[in-house]
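Scroll down for the structure; my scribbles are underneath it.
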Amino acid sequence: MARSPSGKGDMMDAHIRELIEACRPDRADLSLPEMQELSARLESDTEVREAWEATKRWDSAVAEAFHDVPVPAGLCERLLADVES
Numbered sequence: 777m778a779r780s781p782s783g784k785g786d787m788m789d790a791h792i793r794e795l796i797e798a799c800r801p802d803r804a805d806l807s808l809p810e811m812q813e814l815s816a817r818l819e820s821d822t823e824v825r826e827a828w829e830a831t832k833r834w835d836s837a838v839a840e841a842f843h844d845v846p847v848p849a850g851l852c853e854r855l856l857a858d859v860e861s
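Start counting the sequence shown at 777; every next residue gets the next number (our numbering).
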């Protein structure tokens, strides 16, 4: 039987991990029909709940870091010029 890196229980299957990663921060993605399986597992599986919470913390930290970085002057114009060429 495969073990999680923490040594607790079975490793979470790739499909559940994919569903966790697909949920966007500050959105009601868990109410979508394709997320029913994840929603049910969040209620019944501690490992899935912990992975969910860790992923949401990571997403929030990354989003915050991006908000703290100013956009370089002229970036928009340079990108548009590259796309047009």
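We put the CB at the ideal spot given by N, CA and C, even for glycine.
For the candidate residues 791, 832, 827, whose alpha-carbon lies nearest to that of residue 802? The residue labelled residue 802 in the question sits at position 26 within the sequence shown. Minimum Cα distance to residue 802 is reached at 832.
Can you look up residue 812 in the DSSP assignment and give me helix, strand or coil? Within the sequence shown, residue 812 is the residue found at index 36, counting from 1. DSSP places residue 812 within a helical segment (H, G or I) once states are collapsed to three.
Inter-residue spacing [alpha-carbon to alpha-carbon] between residue 860 and residue 838: Numbered from 1 along the sequence shown, position 84 holds the residue referred to as residue 860. Numbered from 1 along the sequence shown, position 62 holds the residue referred to as residue 838. Between residue 860 and residue 838, the C-alpha separation is close to 30 Å.
Short Cβ contact (7 Å threshold) for residue 818 with residue 825: On the sequence shown, position 42 is the one that residue 818 refers to. On the sequence shown, position 49 is the one that residue 825 refers to. Taking 7 Å as the cut-off, the Cβ atoms of residue 818 and residue 825 count as close.
Indicate the three-state DSSP secondary structure (helix, strand or coil) for residue 803 in the structure shown. In the sequence shown, residue 803 corresponds to position 27, counting from 1. Residue 803 falls in the coil class under three-state DSSP.
So, helix, strand or coil for residue 861, using DSSP? Position 85 of the sequence shown, counting from 1, holds the residue named residue 861. When secondary structure is reduced to three states using DSSP, residue 861 falls in the coil class, being assigned neither helix nor strand.
Select from 821, 827, 804, 807 the residue whose C-alpha is nearest the C-alpha of residue 794. Start at 1 with the first residue of the sequence shown, and residue 794 comes out as number 18. Cα-wise, what sits closest to residue 794 is 827.
Cβ-Cβ distance between residue 810 and residue 788 below 7 Å: For this step, residue 810 is matched to residue 34 along the sequence shown. For this step, residue 788 is matched to residue 12 along the sequence shown. No, these two residues do not count as a Cβ contact at 7 Å.
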